[in-house]
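**Student:** Here the sequence shown is numbered in the working numbering, starting from 2 and rising by one per residue.
Here a beta-carbon is modelled for each residue, glycine too, at the ideal position from N, C-alpha and C.
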Amino acid sequence: MISIRNVSKSYENAESAAVRDLSFDVPTGEVVVLIGPSGCGKSTTMRMVNRLVEPDAGTITIDGQDVREYRPEQLRRRIGYAIQGVGLFPHWTVAQNVAVVPGLLGWERDRIAERTTELLDLVGLEPDAYGGKYPHELSGGEAQRVGVARALAADPPVLLMDEPFGAVDPLTRDRLHVEFLAIQDRLKKTVLFVTHDMDEAVALGDRIVVMRDGMLVQQDTPERVLAYPADEFVASFVGTERALKRLSLAPVTEALAPVGLAEGCQCSVSATASLREALARILELGVPAIGVHDERHRLIGAVSVESIVERFKRPLT
Ligand SMILES: Nc1ncnc2c1ncn2[C@@H]1O[C@H](COP(=O)(O)OP(=O)(O)OP(=O)(O)O)[C@@H](O)[C@H]1O
Ligand SMILES: [Mg+2]
2 MISIRNVSKS YENAESAAVR DLSFDVPTGE VVVLIGPSGC GKSTTMRMVN RLVEPDAGTI
62 TIDGQDVREY RPEQLRRRIG YAIQGVGLFP HWTVAQNVAV VPGLLGWERD RIAERTTELL
122 DLVGLEPDAY GGKYPHELSG GEAQRVGVAR ALAADPPVLL MDEPFGAVDP LTRDRLHVEF
182 LAIQDRLKKT VLFVTHDMDE AVALGDRIVV MRDGMLVQQD TPERVLAYPA DEFVASFVGT
242 ERALKRLSLA PVTEALAPVG LAEGCQCSVS ATASLREALA RILELGVPAI GVHDERHRLI
302 GAVSVESIVE RFKRPLT
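#1: Taking the alpha helix (DSSP H) that Leu105 belongs to, which residues open and close that run?
#2: Going by other Cβ atoms of all chains shown within 10 Å of its Cβ, with 16 needed for buried, is Thr273 buried or exposed?
#3: Span of the beta strand (DSSP E) holding Ile301?
#4: If we count Cβ pairs, one from each stretch, closer than 8 angstroms, do we get three or more for the stretch 138 to 147 versus the stretch 166 to 174?
#5: Quick check on this structure: which residue in Ile36, Arg110, Arg72 has the alpha carbon closest to the alpha carbon of Thr196?
#6: Considering only heavy atoms of ligand 1, does any lie closer than 6 angstroms to the CB of His294?
#7: Alpha carbon to alpha carbon, what distance is there between Arg282 and Tyr135?
#8: Helix, strand or coil for Lys134 per DSSP?
#9: Output yes or no for whether 7 angstroms exceeds the beta carbon distance between Ser4 and Thr62.
#10: So Ser237 is in the alpha helix (DSSP H); what residue range does that whole segment cover?
#11: Is DSSP giving Ser1 helix, strand or coil here?
#12: Shorter than 6 angstroms, the distance from the beta carbon of Lys43 to the closest heavy atom of ligand 1, or not?
#13: Express the C-alpha separation of Leu172 and Asp64 in angstroms, rounding to a whole number.
#14: Can you tell me whether Tyr12 sits near ligand 1, meaning its C-beta is under 6 angstroms from at least one heavy atom of the ligand?
#15: Taking the beta carbon of Asn7 as the centre, do at least 16 other beta carbons fall within 10 Å, making it buried, or is it exposed?
#16: Whole alpha helix (DSSP H) runs in the stretch 124 to 202 with 4 or more residues, listed along the chain?
#17: At a cut of 8 angstroms, does the stretch 96 to 107 reach the stretch 69 to 80 through at least three beta carbon pairs?
#18: Rounded to whole angstroms, what's the CA-CA distance from Gly292 to Phe313? Just pull it up for me.
#19: Give the secondary structure of Phe313 by DSSP, where H, G and I count as helix, E and B as strand, and everything else as coil.
#20: Around the C-beta of Glu115, are 16 or more other C-beta atoms found within 10 angstroms, so that it is buried, or is it exposed?
#21: Taking the beta carbon of Thr318 as the centre, do at least 16 other beta carbons fall within 10 Å, making it buried, or is it exposed?
#22: I believe Leu227 touches Val34 by the beta-carbon criterion, under 8 angstroms. Please report the beta-carbon distance rounded to the nearest angstrom.
#23: Whose CA, out of Ser11, Asp22, Val32, lies closest to the CA of Asp221?
#24: In whole angstroms, what separates the C-alpha of Phe238 from that of Ile113?
#25: If Thr320 sits next to Val54, beta carbons under 8 angstroms apart, how far is it from one beta carbon to the other, in whole angstroms?
#26: When the distance is taken between beta carbons, is Gly302 closer than 7 angstroms to Glu260?
#27: Drop a sphere of 10 angstroms on the beta-carbon of Ala152, count the other beta-carbons inside from all chains shown, and report buried for 16 or more, exposed for fewer.
#28: Who does Arg208 pair with in a DSSP beta bridge?
#29: According to DSSP, is Arg213 part of a helix, a strand, or is it coil?
#30: Grab me the residues of Phe25's own chain with a C-beta within less than 8 angstroms of its C-beta, minus the 5 sequence neighbours each way, in chain order.
#31: Consider the C-beta atom of Gly40 and the heavy atoms of ligand 1; say whether any pair is separated by less than 6 angstroms.
#32: Out of Ala15, Glu13, Pro28, which one is the CA nearest neighbour of Val192?
Structure representation (structure tokens):
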């Protein structure tokens with residue numbers, strides 16, 4: 002677990018502090034997304050975890066040990082870092098870029114080569130085709146995958162990801178999200194992830210920490226940040242699509258009504274569909290309700306506009 006306690010940082014000559022009295026945890030195996038407007042102190046916070054920046058006050062521990070007590074090579078082994086704007090070395094091949102940390106740690110050649118192949122596979126880049134390319138020969142999305150592979154190279158339990166998918170188009174970004182979640186499902190890293198995109202935060206975070214002017218404004222699950230923004234600032238950050246986002250997070254089974262409601266409607270959605278998908282089908286078909294079927298295509302209930310609205314009157318747990 003990463004624990005950040007009462008951490009503050011002012012850069013020299015700065016008018017105000019970059020980070021002020023910040024405290025939060027990243028529990029082991031979870032993804033915590035740090036979100037907030039440009040300049041609010043997200044990267045500074047992240048860089049204090051791997052000691053690229055030293056805090057003026059407060060403590061940061063990883064698994065109970067103060068990061069100041071770690072030796073630099075220990076920190077490198079424990080923490081993978083994917084940086085804003087990718088940061089690949091332009092004159093090195095993809096394989097060489099991925100191998101940086103294992104190289105610094107003095108791994109054997111063969112082991113590094115094996116690991117590089119494994120990682121390129123993992124992030125969906127054909128190792129034979131991509132290993133020898135240079136960064137300028139990659140698309141933005143491919144470069145970002147290399148950045149993620151590099152961060153994972155030494156199999157660190159902790160990952161710091163500073164807008165790792167910032168420079169790609171929305172479609173590629175969605176694909177990278179799916180891959181990231183699949184990888185995280187397998188590897189269960191402890192991840193501190195920075196973004197200023199609420200969609201990304203909701204898609205990837207187990208918890209979201211909202212920052213403004215170096216301070217924490219709200220920390221909560223994605224569902225609760227969407228449903229109960231702490232103040233006007235968070236609400237505006239969450240945006241007007243808030244209700245839709247809430248719907249896309251909730252499975253259709255959350256608003257299940259008796260199956261009779263969908264009588265006469267020939268259509269149904271799978272029990273794994275989201276309420277947003279169900280609502281879209283209802284509106285598209287112009288029916289009052291739609292059936293919900295299980296994996297064996299048996300009807301297990303129905304959802305209607307009313308059952309969805311009812312569901313959202315109750316607080317989310
Ligand atoms: N090395 C530095 N020296 C002086 N000031 C800095 C330095 N790095 C960041 N700052 C300032 O500290 C504040 C926080 O910067 P930080 O990079 O942490 O923001 P951020 O939330 O990551 O922003 P962005 O979303 O644009 O990446 C900003 O006002 C920035 O100008
Ligand atoms: Mg930043």
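**Tutor:** From the atom records:
#1: Where Leu105 is concerned, the enclosing alpha helix (DSSP H) stretches over 101 to 105.
#2: exposed
#3: 300 to 305
#4: Touching, yes.
#5: Ile36
#6: no
#7: 46 angstroms
#8: coil
#9: Yes. Within cutoff.
#10: 233 to 239
#11: No statement about residue 1 is possible, as the shown extent of the chain runs from 2 to 318 and does not include it.
#12: yes
#13: 36 angstroms
#14: Yes, since a heavy atom of ligand 1 falls inside the 6 angstroms radius drawn around the Cβ of Tyr12.
#15: Counting Cβ neighbours within 10 Å, Asn7 comes out exposed, since fewer than 16 surround it.
#16: 128 to 131, 141 to 153, 171 to 188
#17: yes
#18: 19 angstroms
#19: helix
#20: Label assigned to Glu115: exposed.
#21: Any reading at Thr318 is ruled out, since the residue's pLDDT is 43, under 50, leaving its predicted position unreliable.
#22: Incorrect: roughly 13 angstroms between the Cβ atoms, too far for contact.
#23: Val32
#24: 43 angstroms
#25: Because the chain here runs from 2 to 318, residue 320 falls outside it and cannot be looked at.
#26: Looking at the sequence provided, one finds Val at residue 260 rather than Glu. It is a contact, given that the beta carbons lie within the stated cut-off.
#27: Buried, since its Cβ has 16 or more Cβ neighbours within 10 Å.
#28: Residue pairing from DSSP places Arg208 in a beta bridge opposite Val33.
#29: strand
#30: Within the same chain, and ignoring the five residues on either side of Phe25 in sequence, the residues whose Cβ sits closer than 8 angstroms to its Cβ are Ile5, Val33, Val210, Leu217, Gln220.
#31: yes
#32: Val192 has its Cα closest to that of Pro28, out of Ala15, Glu13, Pro28.
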